[in-house]
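Asker: The listed protein sequences derive, respectively, from chains A and B.
Mapping of the first sequence onto my numbering: position 111 corresponds to residue 281, and the numbering continues sequentially without gaps.
Mapping of the second sequence onto my numbering: position 358 corresponds to residue 528, and the numbering continues sequentially without gaps.
The beta-carbon is built from N, C-alpha and C at its ideal position, and this holds for glycine as well.
2 protein chains.
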Amino acid sequence: MTNYQPSLRGFSVETLSCKDITSLEEMARQARINVLTMVALAGSGHPAGSLSSMDMYLMTYGVANLTPENCNNVDRDYVVVSHGHTSPGAYSALAAWGFFDPLDAAANFRLCASPFQGHVEREVPGIDWGSGNLGQGLAAGVGFALAQKARQHNGRVFVLLGDGEQTKGQVAEARRVAVKEGLSNITALIDYNHIQISGRTENVMPADVRALWEADGWGVLECDGHSFTELYAALRDGASDGVPTAIICHTLMGKGVSFMEGIPDYHGKAPNMEQYRQAVVELGGDPHFIDEVRPRRGNPLPLGREVPPAQSTLCVGEPRTYSPTEKTDNRSAFGHALADIGARNYEKKGGTPLLVFDCDLAGSVKTDGFAKACPHWFIQAGIQEHGTATMAGAASVAGVSSLWADFGVFGLSEVYNQQRLNDINKTGLKLALTHVGLDVGEDGMTHQAIDYIGLLRNMFGWKLVVPADPNQTDRATRWAFTEPGNVCLAMGRSKLPTLVDEEGLPIFAGNYSFEYGKAVKIRDGKDGAIFALGAMTWRALEAWNILREKGITVKIFSVSCPLHIDTEALKEACSTGAVITAEDHHYQSGLGAATAFAMAQEHLFASFLPLGVWRYGDSGKSDDVFNHMGLNSTSIASRVEEVLSKK
Amino acid sequence: MTNYQPSLRGFSVETLSCKDITSLEEMARQARINVLTMVALAGSGHPAGSLSSMDMYLMTYGVANLTPENCNNVDRDYVVVSHGHTSPGAYSALAAWGFFDPLDAAANFRLCASPFQGHVEREVPGIDWGSGNLGQGLAAGVGFALAQKARQHNGRVFVLLGDGEQTKGQVAEARRVAVKEGLSNITALIDYNHIQISGRTENVMPADVRALWEADGWGVLECDGHSFTELYAALRDGASDGVPTAIICHTLMGKGVSFMEGIPDYHGKAPNMEQYRQAVVELGGDPHFIDEVRPRRGNPLPLGREVPPAQSTLCVGEPRTYSPTEKTDNRSAFGHALADIGARNYEKKGGTPLLVFDCDLAGSVKTDGFAKACPHWFIQAGIQEHGTATMAGAASVAGVSSLWADFGVFGLSEVYNQQRLNDINKTGLKLALTHVGLDVGEDGMTHQAIDYIGLLRNMFGWKLVVPADPNQTDRATRWAFTEPGNVCLAMGRSKLPTLVDEEGLPIFAGNYSFEYGKAVKIRDGKDGAIFALGAMTWRALEAWNILREKGITVKIFSVSCPLHIDTEALKEACSTGAVITAEDHHYQSGLGAATAFAMAQEHLFASFLPLGVWRYGDSGKSDDVFNHMGLNSTSIASRVEEVLSKK
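In structure tokens form, the structure reads like this:
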């Protein structure tokens, strides 16, 4: 490494001096050698794009107020790598600025259990957002900028993007939110090398990149992406004109290595040893460098930084109790609790802001009360769910609490992959899904989220709560803000009875407090057991009455956490010899599936009947839709009777 | 209804006559009354947008070569309703042009089991694409236009969109494909009434609609969306300048009803009876019309047309056999079979075209051979997966065979909702997913599709095949093109051994032919049974050898259809007392989940061990990643031994 490193954080000089430029060029030369070394050693990776983005990376990490010292704090600048496959470039630039030992990255790239993965992840110090699927980075940057604004922190956000991903729709969604919210502190740098995997961008999918950004109201600058002078000036000017700015950086794919320059083949191909040596010699390096690095591979394996699931610190207030004579919908109970929490925290000096995101459905998803109480914390993101999912997730790791409420089909089914990336990024998003299951009113099959359990069962970190009545909804909503990580609340549309015990007292009030993973036995019996989910719980209670008239008694468990089956409750249920699951979710992938799986794992055996949704549902009044699907209380009772008779 | 109806199909006159206009206005007046009647009767729906789109609907369905007689054929014009919630407008316009009895639609809107759903579905004659999630319609239209082009049919495609959905990213993706592919026959009509649910579009999410379409290279016309003269001229001129055209139709929300005009509240609210009567009187109708219609509600319930899953008619050739000494990857075997099928059909006069879609990964997903053999059938859609999923699906219901190949994480995880809409639309898409499971090379966790089974288990129509070796891949690929509906093939990245029986002969060759849903017993034993999926099959065979050395014998079933468990095989497996599932998929949502569920349903009992992926995987060489996850052959053997010891 060169000894002199320019000190440019926060654009401390007007223009770069010759000494600064010489030093940066020397850093870039060495970083390029590092890129080649790590890719050659791993035998795979994306060298050419890393080389073309190299100077952008070095300059950005050089000016950003993001340092090895502050990178675990929240009030600082943020840098997002959207084209995550150019990780060798990002790692080498971060190493050059002292975030970690460059040899650690060079030696351990793409090695099992190393933090230096093929696509950037947050375990690497200085990486603010793990990416891999293209097109999501700008939305993450917008999420960070929104968090900064809410925290009244005067930082900047830099997002580096590839040119191939310019055509992803989600990029445009994020652009529009940035303009609408006045996020002039966000700067996008586009590595415009004109080459993607299949060839030149103009041939693969023509796009007028400048026109696209301008059409959405961004300022656009262009510069030579290999000139530090021009990059510095563009980055400095990026935040000066009151609108978010995109810098189109004209670059050369494979920059610095003659036989890689402009050649699509090296997009995702490692050089062989002969090519490696030739490349390093061209860059003025020692072709035997790799032999020095090789023995360090895995010896020892570097540790990544720990990334705990994001946690918020809001005052969540006291539970509200709905009486047995009140009949309301869970989404309203959620909305009341949210507005209450918002109001309690809104005027608090120095408290954590709570950002609530909406996609043009506030009235239906009941965030309108919050919007009124906390107008500066309410983000109307329009009909742009993909962008919203990512920005709401990203905001939660940048010092704010973050909640997004939407219909189940938009907030999860439509943006499944974004929620998966939120899981990977260990965000602390609170996701309120309304209109789940068959309970969407007359909107019909496209709007019936009968898959939300099945979708979240594919992930590892999400928690899911499907409350059974307004009282449980109130308590689960408040609990969600005390729980680290991503939490989903799922609610139907219709009004529900307040659930009561056999004495007529509210079950989910009084001494009850919400405990994640616990199934609550709400009726007892001996002939069988029903695991009932959400909107099916009161129907199961009605079935219980019908069955009792016939001399049949069953246990009823209210199951609100279908991702984490309560094994004690399951054992008790199986002891009756028959387990029936009741849900308005796809019968193969929801509570029934989770229950059968837990039975098999726990070596439990019983007659089993999974009642649920077995075809796309109808468009009609909710009760009619449930009736047609065989999911009303009389159907449940007769199906239970049937299974018990065969026990 | 008025007696005279203008005959305008195919723009048969230069300009509309006064008589034509008078007649159209009368049709529109009656259709608006119909809209109000159906919404009032159902007690829900979206009246105001239906009224603003009304004249656009009437004019489009009037000029399009889409009639009650030809609407079940493929070579004709197509009309897509992207803003599916304005279904009352679409139904009333279709009824006005004779597709069905207007009273049927008015009476049975949003009634359980009626085809006249809240959002348009293909069961209604004249509806070419079921929508509900906004932003997907243009991509469906592009799919239809691509099919027309491949069939060398000179038809047109009209797509009607709302203004709120202009900000959805997928719209932009579809725009770019239309321009790149020279689809000048596609015309988009935008209902620009400036109002969405939360208020004026300029406030909810500002977007320069004209600039967005122009930035992507579309011609843009503007017209008064309530002037039949202007609409007719714009629709006629739309296909005249060699580029796809968008018509911004300036309209008034709630047009024709004074108290609804320009009021956001009526976006999704039905009028009450008093409002209904007032509205109908304003429109010159009889306020008692609804009382005549009411008794028809459900008496009888109208039947929708039958929509069978799309079926293709390609020559699929003869299976190719890979010898035991060959070691290749399944994706290459797929690519060879696809290129073979392509070549056999490409020059065939009058045969069905086969469109193959790519998102910048042809070399990796092995469609490059096909692209070379059938260049006119290969669609490079760029890094725009959401648009591609929909256009590939839509093309398959418009007279072509359609295949999209992509990495699992892009072709399904990223576009889950689009594939769900394809399921709802009963398309016949063949979806080839490569790089599934942990077998993605070093790309790491974002690229590991460990959820594809779990995702498809949420749907009803998809079939999924995960071949165990190249021979089975070849046969499954050819079979897929003979099977109606949506079929997914899932393949890893690495080379695999050709699977052989105990005599060393290829298992999936010779007399073997692929049978959907059948598990194939490839080794016998008595102590337990392994259900092995895809890339885990050869590892399970190695485990079988290890166990045999220890005197333990197990049955091994090669399971290639995890969505449809073979119950005969499962019974045989359970008869051993222990079932182990082995997959490189999330252990809770894939083959293990399907197996446990089938056991519970079939009342089968055995010790159960689900081996699979239990955390996000590493970035490293495939074999290393499998080792770290405990999924190599020695791990399998020792876990099996463990479970058998506790049996």
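Have a look at TYR586 (chain A) and SER583 (chain B) and give me their C-alpha separation to the nearest angstrom.
Answerer: Those two C-alpha atoms are separated by around 7 angstroms.
Asker: Do ALA503 (chain B) and ASP644 (chain B) have their C-beta atoms closer together than 9 angstroms?
Answerer: Against a cut-off of 9 angstroms, the Cβ pair of ASP644 (chain B) and ALA503 (chain B) comes out as a contact.
Asker: At the level of alpha carbons, what is the spacing between ALA310 (chain A) and SER759 (chain B)?
Answerer: Their backbone Cα atoms lie some 28 angstroms apart in a straight line.
Asker: Does the CB of MET224 (chain A) have a neighbour CB from chain B at under 9 angstroms?
Answerer: Not closer than 9 angstroms to any Cβ of chain B, the Cβ of MET224 (chain A) fails to qualify, so no.
Asker: In or out: GLN322 (chain B) buried (at least 16 other Cβ within 10 Å) or exposed?
Answerer: Exposed, by the Cβ-count rule.
Asker: What does the Cβ neighbour count give for LEU178 (chain A), buried or exposed, with the cut at 16 atoms within 10 Å?
Answerer: Classification of LEU178 (chain A): buried, given that the 10 Å Cβ count is 16 or more.
Asker: In the DSSP assignment, what residue or residues form a beta bridge with LEU669 (chain B)?
Answerer: Paired residue(s): none; LEU669 (chain B) is not in a bridge.
Asker: Considering only residues of the same chain and omitting the five flanking positions on each side of CYS393 (chain B), which have a CB-CB separation below 8 angstroms?
Answerer: Closer than 8 angstroms at the Cβ level, and outside the excluded window around CYS393 (chain B), lie GLU400, LEU401, ALA403, ALA404, ILE417, ILE418, CYS419, HIS420.
Asker: Do LEU484 (chain A) and THR824 (chain A) come within 9 angstroms of each other at the CB atom, strictly closer than that value?
Answerer: Residue 824 (chain A) lies beyond the stretch modelled for chain A, which goes from 171 to 817, so this question has no answer here.
Asker: For SER428 (chain A), does the three-state DSSP call read helix, strand or coil?
Answerer: Reduced to three states, the DSSP call for SER428 (chain A) is coil.
Asker: In angstroms with no decimal places, state the Cα-to-Cα distance between PRO479 (chain B) and VAL294 (chain B).
Answerer: Going from the Cα of PRO479 (chain B) to the Cα of VAL294 (chain B) covers about 15 angstroms.
Asker: Are the CB atoms of VAL341 (chain B) and LEU331 (chain B) nearer to each other than 9 angstroms?
Answerer: Contact flag set, yes.
Asker: Between which two residues does the alpha helix (DSSP H) containing CYS744 (chain A) stretch?
Answerer: Per DSSP, CYS744 (chain A) belongs to the alpha helix (DSSP H) from 737 to 744.
Asker: With 9 angstroms set as the bound, which would you pick, yes or no: does the beta-carbon of TYR682 (chain B) sit closer than that to a beta-carbon of chain A?
Answerer: No, TYR682 (chain B) does not count as interfacial toward chain A.
Asker: Short of 6 angstroms in beta carbon distance, which residues of its chain neighbour VAL810 (chain A), apart from the five on each side in sequence? Order them along the chain.
Answerer: For VAL810 (chain A), where only same-chain residues beyond five positions count, the Cβ hits under 6 angstroms are ILE750.
Asker: On a CA-only basis, which of B:ALA660, B:THR707, B:GLY662 is nearest PHE678 (chain B)? Give me that one, please.
Answerer: Among B:ALA660, B:THR707, B:GLY662, the Cα nearest to that of PHE678 (chain B) is on B:THR707.
Asker: For the beta strand (DSSP E) that contains PHE678 (chain B), what are its first and last residues?
Answerer: Where PHE678 (chain B) is concerned, there is no enclosing beta strand (DSSP E), given that its DSSP letter is neither H nor E.
Asker: Tell me, please, whether the segment 229 to 242 of chain B touches the segment 451 to 458 of chain B by the rule of three or more beta-carbon pairs shorter than 8 angstroms.
Answerer: Verdict: no, contact absent.
Asker: Three-state secondary structure (DSSP) at LYS519 (chain B)?
Answerer: Coil at LYS519 (chain B), not helix or strand.
Asker: Short check: CB of THR558 (chain B) to CB of GLU343 (chain B), under 9 angstroms?
Answerer: Yes.
Asker: Name, in chain order, the residues that DSSP records as bridge partners for GLU330 (chain B).
Answerer: A quick correction: the sequence has Leu, not Glu, at residue 330 (chain B). For LEU330 (chain B), which the question treats as bridged, DSSP gives the partners B:VAL251, B:LEU359.
Asker: Under 8 angstroms: does the beta carbon of ASN242 (chain A) sit that close to some heavy atom of the ligand NAD?
Answerer: In the structure shown, the ligand NAD is absent, as is every other ligand, since no ligand is present at all.
Asker: Go ahead and pull the three-state DSSP assignment for SER182 (chain A).
Answerer: DSSP places SER182 (chain A) in coil when its eight states are reduced to three.
Asker: Hey, how far is the Cα of GLU351 (chain A) from the Cα of ASN373 (chain B)?
Answerer: Going from the Cα of GLU351 (chain A) to the Cα of ASN373 (chain B) covers about 11 angstroms.
Asker: With H, G and I counted as helix, E and B as strand and the rest as coil, what does DSSP make of ILE716 (chain A)?
Answerer: If DSSP states are grouped into helix, strand and coil, ILE716 (chain A) belongs with the helices.
Asker: Comparing alpha-carbon positions, which option in B:LYS600, B:SER187, B:CYS544 lies nearest LYS518 (chain B)?
Answerer: For LYS518 (chain B), the nearest C-alpha among the options comes from B:CYS544.
Asker: What residues from the segment 363 to 397 of chain A come within 7 angstroms of chain B, judged by C-beta to C-beta, listed N to C?
Answerer: Within the segment 363 to 397 of chain A, the qualifying residues are GLN366, ILE367, SER368, VAL374, MET375, PRO376, ALA377, ASP378, ALA381, LEU382, ALA385.
Asker: For LYS338 (chain B), is the classification buried or exposed, using 16 other Cβ atoms within 10 angstroms of its Cβ as the cut-off for buried?
Answerer: Result: buried.
Asker: Would ILE806 (chain B) count as contacting chain A if we go by Cβ distances under 9 angstroms?
Answerer: For ILE806 (chain B), the answer is no, since every Cβ of chain A falls outside 9 angstroms of its Cβ.
Asker: Between MET443 (chain A) and ALA218 (chain A), how many whole angstroms is the CB-CB distance? I'm expecting something under 8 angstroms.
Answerer: Actually they do not touch by this definition, with Cβ atoms about 18 angstroms apart.
Asker: Buried or exposed for MET171 (chain A), going by 16 or more other Cβ atoms inside 10 Å?
Answerer: With a pLDDT of only 44 at MET171 (chain A), under the threshold of 50, the placement of this residue in the model should not be trusted, and no figure is reported.
Asker: On the criterion of 16 or more Cβ atoms from any shown chain inside 10 Å, does ARG166 (chain B) qualify as buried, or is it exposed?
Answerer: Residue numbering for chain B in the displayed model covers 171 to 817; residue 166 (chain B) lies beyond these limits and cannot be assessed.
Asker: Determine, using beta carbons only, whether TYR492 (chain B) and ASP671 (chain B) come nearer to each other than 9 angstroms.
Answerer: No.
Asker: Can you tell me the Cα-Cα spacing of ASP788 (chain A) and GLY680 (chain B), whole angstroms?
Answerer: Their backbone Cα atoms lie some 47 angstroms apart in a straight line.
Asker: Around the Cβ of TYR174 (chain B), are there at least 16 other Cβ atoms within 10 angstroms (buried) or fewer (exposed)?
Answerer: Result: exposed.
Asker: How many whole angstroms separate the CB atoms of HIS617 (chain B) and GLN588 (chain B), which I take to be in contact at a CB cut-off of 8 angstroms?
Answerer: Actually they do not touch by this definition, with Cβ atoms about 19 angstroms apart.
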